[in-house]
Structures are given as C-alpha cells and as structure tokens.
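**Q** Please find one structure pasted underneath; my questions will follow.
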Amino acid sequence: MENVLIVEDDKALRSQIHFALEENYNVFGAGDREEALECLDRESIGVVILDLGLPPHENTPDEGIKILQHILENLTAKVIILTGQKTEGVAMEAIKGGAFDYIMKPVNMEKILFSIERAILFRDAEEKLERRGVKKISFNVEVGQGLQPAREEAEKNVVLKVLRDTNFNVYKAAKLLNVKRESIYYFMKKFGFKREEDDGND
Amino acid sequence: MVTIKLLAYMYLFFVVAGAVTIVILLYLRYLTNRAFKVMLRMVDANRDCNYDLARFLPNVQGLVKVVEIDEVFYEITYGESALSKAYGGKRQTVVREISRPDYSIRLGIIPLSPRGYQKYIYMIVFETLFLLIEMDILMRIKVTNDAFYNFSKLQAFLLHDVKNVTQFIRSLLFNVDRTEGVDREHKLIEYLRESTPALKVRTDKILGTLEIGVAKGGNGEEKQEVDVAGLIRELFDLHSVKGEVTGKGSVLAENHLLVTVFDNIVKNIREKSVAEPGLRCFASVSEKDEALQVTIGDTGSPVKEIGRMFEPFYTTKGSGLGVGLFQARHIVKNMGGAMTAANTDRGVEFTISFVKAGRGANPAEGAAA
C-alpha cells in the first residue's frame, strides 16, 4: 500500500481524513512542519496532503511552502495542497513550486481521494520512466524572453538533479551526463551549487 | 522761551503719540484675541460635531462672522462623500484648494474688509479652518482604512477556522456514509472521541472571536464549575507545550469563554517556544477567600512594549491578528476579574484573577441580591 502523509494542524480534521484513507493507504499524520519533516525523513512517503497554514503561523502559507520546497528538492513524493488560504499569490507560488494539485477547503472527500489516485498514477509512471533512464525535470520560464533563459534554466535543473542524485559526486555526475568533470565544476560555479552540508559550514 | 515751548510741544507730541500707540496696540490685541477665540470655538465646534464635516461645516458661517468673513463656501470630496456649498456671486473671494488621490478640498471665503491688519486676522482664521477640514478628512480616511484592514484580517482568521470546521463536517459525513462493520464504527467513534476536544477548542475560538466587544447579559444556564488547572493542562497537551501546572481551583463560568482566555495565552507561549526552543512554561492556580488567582507564564525572553500587549490589533508577529490577548482580557473583565502581564525575573507572567462561584460572573445576580 502507498504511504500517504497528512500534514494538517487541525487534529479533528486530520483524524477524519486519516479514517477515510486508512483502508486503502498506509496513513501518517503530522500537525506541524517539524513533525512532517521527521515523518518524511523516516518513511518513504508517496503522496503528501499538505495544509499550508501551519503553526506557529497558521494564517500565512509560509510553513506549508517550506515543507513543499523541502519535498520538491529532496523527495519524489507528490504534494496535494489542501488549504483554506484563498489567495491567488499562494496558489501561484505552490503551483510554480511544483505542487501536484491545489484543492481549496472545504471540498468533498471524493475529490481528495481522486486527486490521491491521480498523484499515485503519475508517480508510478514517472518511476517507470526513471527506471528506463528518463528523468522528469520541470522548470518555469517566461515565454517571450527568448530561448537563452529557458536553456539556462533547463541546464541548471538537469545538473542540479544529477548532482543531488549522485550526492554531489562530480565524477559520477559527469559520467551520467556524459560531459567532462570541468564542465560540472563550471556549472557548479555558474549556478552557485554547493553540497547541502557545505552550506552549514559557511 | 522758544526752547521751553518747543519742549512742551515735544512733550505733548510724545504723550499723544504714546496714547495713540497704546490705543492701536490695544485694538490689535483685541483683534488678535477675537481671532484666537474664533479659532478655539472652531476647534471646540469640530470636536462637538465628533469631527464630522457634514455636521461641522454648517456651523462655521456663524463663527467666522466676527472676523470680517461674510461667507464661507466649499467643495469637498473624500471616500464616497461629497460636501458642497456654492457661491455664485461676483464679490472678491479668497480661495484655497488642494487635491490628493484620496480627497480634494476647495475652500473659499468672502471677506468684508480685505485690507490691513483685518486681512491678516481673517487669513489666519481661514488657514486654521482649512487645516481643521484637512485633519478631519485625513482622520476619517485613516479610521476607515484601519477599520477595513482590521475587519478583513478578522474575517480571514475566522474564515480559516470556519473552513476547517466545514471540511471536518464534510469528511465526517463521507466517513459516516461509508463506514460498515462494527469494528470500523467503533474506530470512527474512537477517532471522534480523541479529536473532538480539539474541534471544541476551535469552535469556542470562533465563537469567542465573534463575541469580541459584544456585551453579554449571561443567563447562567450554560455556566458550569470549571476546573481551571485541569483546563490549562489540557491546553498544554493540545498545543504540545511542556510545563507544569500546580495548585487547584475552580470557577463558575461558561466553559468556552475560559477556553478562549487560556487558549490565547498558551498559544502565545507555544509560538514563542518555536523561536526559543529551551523555553519552559508554568502555571499555578490558587484560591483565596472568594477569589481564584491564576499565574501562567514562560521562562523566555521579556516582551518589548509589554504595556501594549492587550491593545486590540497590536501584534509583534507578522502573521498575527493582535486580538487574542485583547479578547482574553475583555472576557476576564466581563466576568468581573482582572488580567495583567509583566516581565519578571522568571520570564513573562500573566496574572488572572476571577471572582469565584458566580459572583461577578453574573453581575445581574449580584445587583439583585
């Protein structure tokens, strides 16, 4: 069964969604960012149902957006935003960030279940493609700015993904991308990539 | 002889000149005093009209008559309001206008004697009137903008909670419709038993927010003996706050109001603990004679501007509404109690005192007795 994480600070609501899902999925719950990150670290989560307004800032999407960014940068889980934050900016930020779906509360449970099924379908398809060596890399560009920014964004995302997958092993990354190691160093310098552990030492 | 006569004339001249100067000075003083009196009357009239231009401007005509201003006319627009009094005559006028994105003012006067010191006096009065009008408009715009801003903030907070409750109901309905078998039914009941206290806190919070500023008579029907120490322990658990609650005591009150009071305090501590991980909290409840005293606080850093903590819509958190503690104190006061906050050696402490067992909790009863 697929692992589903519900990140929702409202305990009563979380337990009802938990109950609705638990017959078909392994369900985990988290009430804030700390609990969510712990669970994501511990379990192999396939789908995250994420409320954006979490303590201690329930009335801003900040906490939820941080979790979303963490997932998109480090994990393959699909994120379904389930939130009451009805601002265009928030939705834009979440979708731009790479959320799989954005659902406004209140919504019928059927819609949540349907979205989870679709998320799993997409994730499975991506995993199959990945096993064949095809990696999905998404990026946002403004159409009308010419091809140069799009090319740079694509380069940046491809190199970053491969570097992360190889734990910043330049030799392996160069081999995977079929380029010289100097090229990888060049990209790292150009886009300012650093190993995660290096950031903390700066 | 000639010299003596000359001196006598000179003396007479100085005496007359001095007298004339004194008369002129007294007259100027009289005019200036009159102008000041008119200005003060305008300020008073403006205050008496509650800074409402629609009420104030019709009174201006009568006030400025004494400083040689025959008529006042104006065209004023701000927000959705427009005030005007036209002048279509051909007499000499003095006009001043200002146009800003939020408002425009065109103020004019018709002076009776537009010369000399009189002109100086009526121009001072005219400028004062113009400033009063502009201040009234700016004040009204600010008050309106603040009210809308705070209202929309309050609405956003309520909306967030109401959406969660609605989502809970929809999810529950979905689960009730599809639950089959005794085991699943028992499990659903178990889930509800575990989670409904949190739901109750949320609905109490909604109710408490909607009741801000609403004077409640209270009929005593919903009041119950609330174990305050137990309630604080529950809230510590609910918000995952580590701390000790000592003592015991109860008060006769509407439970949801007490939940709102202590939930706001505990939530503040919880939010503070995110930035100050080593922070601990404490609470003590004690009964003395007819009073119940609760001290609740944290060992964290002192609060800047602690005197403003209970001010409505004052918040140090970017995402805060700033009504939680205002609401808490408002409820405590309505119950006949008192609530204070202070930076102490231990940390930040809230002290709340209640009148026990119904006294103060229902002032109508006390009055009848």
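These protein sequence lines map, in sequence, to chains A and B.
Numbered continuously in this note's numbering, the first sequence closes out at residue 203.
Numbered continuously in this note's numbering, the second sequence closes out at residue 376.
Glycine residues also receive a C-beta, built at the ideal position from the N, C-alpha and C atoms.
For the beta strand (DSSP E) holding A/Glu44, just list the boundary residues, first then last.
**A** From DSSP, A/Glu44 is part of no beta strand (DSSP E); its letter is neither H nor E.
**Q** Answer with buried or exposed for B/Phe243, where buried requires no fewer than 16 other C-beta atoms within 10 angstroms of its C-beta.
**A** Classification for B/Phe243: buried.
**Q** For B/Asn171 versus A/Leu14, is the C-beta spacing smaller than 9 Å?
**A** yes
**Q** Quick one: grab the DSSP three-state call for B/Ala15.
**A** Helix.
**Q** Given that A/Gly54 touches chain B, what residues does it touch there, using C-beta distances under 7 Å?
**A** Residues of chain B with a Cβ closer than 7 Å to the Cβ of A/Gly54 are, in chain order, His167.
**Q** What do you get for B/Lys340, buried or exposed, if any count of 16 or more other CB atoms within 10 angstroms of its CB means buried?
**A** exposed
**Q** Establish whether the CB of B/Ala163 and some CB of chain A are separated by less than 9 Å.
**A** At least one chain A Cβ lies under 9 Å of B/Ala163.
**Q** Enumerate in chain order the residues of its own chain whose CB-to-CB distance from B/Asp307 is below 6 Å, with the five nearest sequence positions on each side excluded.
**A** In the sequence on display, residue 307 of chain B carries Gly and not Asp. Lys279, Glu283, Leu286 and Gly354, listed in sequence order.
**Q** Within 9 Å (strictly less), CB to CB, does A/Ile18 reach chain B?
**A** Yes, A/Ile18 counts as interfacial toward chain B.
**Q** Since B/Tyr58 and B/Met146 should fall inside the 8 Å C-beta cutoff, what is the C-beta to C-beta distance between them, to a whole number of angstroms?
**A** 6 Å
**Q** Counting C-beta neighbours from all protein chains within 10 Å, is the total for B/His193 16 or more, i.e. buried, or is it exposed?
**A** Counting C-beta atoms within 10 angstroms of its own C-beta, B/His193 has fewer than 16 neighbours from the protein chains shown and is therefore classed as exposed.
**Q** In three-state terms, what does DSSP make of B/Leu286?
**A** coil
**Q** Who are the near neighbours of B/Tyr124 in its chain, counting only those whose CB is closer than 7 Å to its CB and skipping five residues on each side?
**A** Leu35 and Leu38
**Q** Any beta-carbon of chain A closer than 9 Å to the one on B/Glu192?
**A** no
**Q** For a contact defined as C-beta to C-beta under 7 Å, what are the partners of A/Leu14 on chain B?
**A** The contacting residues are Asn171, Gln174, Phe175 and Ser178.
**Q** Any residues in the region 76-95 of chain A with a beta carbon nearer than 9 Å to a beta carbon of chain B? Which ones, in chain order?
**A** Flagged, chain order: Leu83, Thr84, Gly85, Gln86 and Lys87.
**Q** Find the residues of chain B that neighbour A/Lys106, judging by a C-beta separation of less than 8 Å, and give them in chain order.
**A** Contact annotation for A/Lys106 against chain B: Lys170, Asn171, Thr173 and Gln174 [CB-CB distance below 8 Å, chain order].
**Q** Considering only residues of the same chain and omitting the five flanking positions on each side of B/Pro319, which have a CB-CB separation below 7 Å?
**A** Annotation for B/Pro319: Gly329, Val330 and Phe333 place their beta carbon closer than 7 Å to its own, counting only its chain and skipping 5 residues before and after.
**Q** Which runs of the beta strand (DSSP E) spanning at least 3 residues fall entirely within the region 233-267 of chain B, listed in chain order?
**A** 250-254 and 257-261
**Q** Can you name the residues of chain B whose CB is closer than 9 Å to the CB of A/Met2?
**A** Near A/Met2 there are no residues of chain B at all, since even the closest Cβ is about 17 Å away, more than 9 Å.
**Q** Report the rounded CA-to-CA distance for B/Val150 versus B/Lys160, giving the unit in angstroms.
**A** 15 Å
**Q** Assuming B/Arg62 and B/Cys56 form a contact by the criterion Cβ under 8 Å, report the distance between their Cβ atoms to the nearest whole angstrom.
**A** Between B/Arg62 and B/Cys56 a beta carbon distance of about 4 Å is seen, short of the 8 Å cut, so the two are scored as contacting.
**Q** Could I get the ranges of all uninterrupted beta strand (DSSP E) runs contained in the region 76-133 of chain A, with 3 residues as the minimum, in chain order?
**A** 79-84 and 102-105
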